[in-house]
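Structure, as structure tokens:
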Amino acid sequence: SGAGIPGLVIAIAGELEAHLYESNGKKAAFLREAARVTHTKAIVHPIRLETIRGAEDVPEVQCIVARALAPLPLLLDYAEPFLARGAVGLFHKGQDVDAELTEATKYWKMSYSKHASQVDSRGVILEIHEATRV
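See below:
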């Protein structure tokens, strides 16, 4: 989650419950304090995404978001437990999104849409409807 962008910001703006994953203790403490001060429903999970393995580790969520986290093939590895439970992925990707999609299709069968980014003219929001390993 880093500084909480976009997860915490979306939760604040949309009055949603957020599950934030941050393994760095100082950043996790910041996120908990930011959620407290803004009266945001947020649960900070002080773990690395790589440690999530099965449905028992994954809360039921409708959407997962990420910005500047990892190249798409690795990002899909992280997102797989959530996507498998029906979540949609919204991933802010840069100008190399098409190359990332090409690389990801070597490992994943995906259903996705691309939306223009409102904050980066070269970027897109990649909406992943479903993804399964091939």
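In our numbering, each residue's number is its place in the sequence shown (first place is 1) plus 18. Beta carbons are placed, not taken as given, at the ideal position from N, Cα and C, and that holds for glycine.
Legend entry - Range covered by the beta strand (DSSP E) that runs through R151: As a position in the sequence shown, residue 151 is number 133, starting the count at 1. Counting along the chain, the beta strand (DSSP E) containing R151 begins and ends at 142-151.
Legend entry - Best match in G43, L49, N42, K45 for proximity to A36 [C-alpha to C-alpha]: As a first step, residue 36 is located in the sequence shown; it is residue number 18 there, counting from the start. Per the Cα distances, L49.
Legend entry - Counterpart residues of S41 in DSSP-defined beta bridges: As a working mapping, residue 41 is identified with position 23 in the sequence shown. Answer is none; S41 lacks a bridge partner.
Inset, instruction - Out of R151, E148, L144, state which residue places its alpha-carbon closest to the alpha-carbon of V83. - result: Position 65 of the sequence shown holds residue 83. Nearest option by C-alpha distance: L144.
Legend entry - Backbone CA spacing between Q80 and G104 [nearest angstrom]: Sequence index remark: in the sequence shown, residue 80 carries index 62 (1-based). Sequence index remark: in the sequence shown, residue 104 carries index 86 (1-based). Going from the Cα of Q80 to the Cα of G104 covers about 7 Å.
Legend entry - P91 vs A122 beta-carbon contact at 8 Å: One-based indexing of the sequence shown puts residue 91 at position 73. One-based indexing of the sequence shown puts residue 122 at position 104. Yes, the pair counts as a contact, with Cβ atoms nearer than the cut-off.
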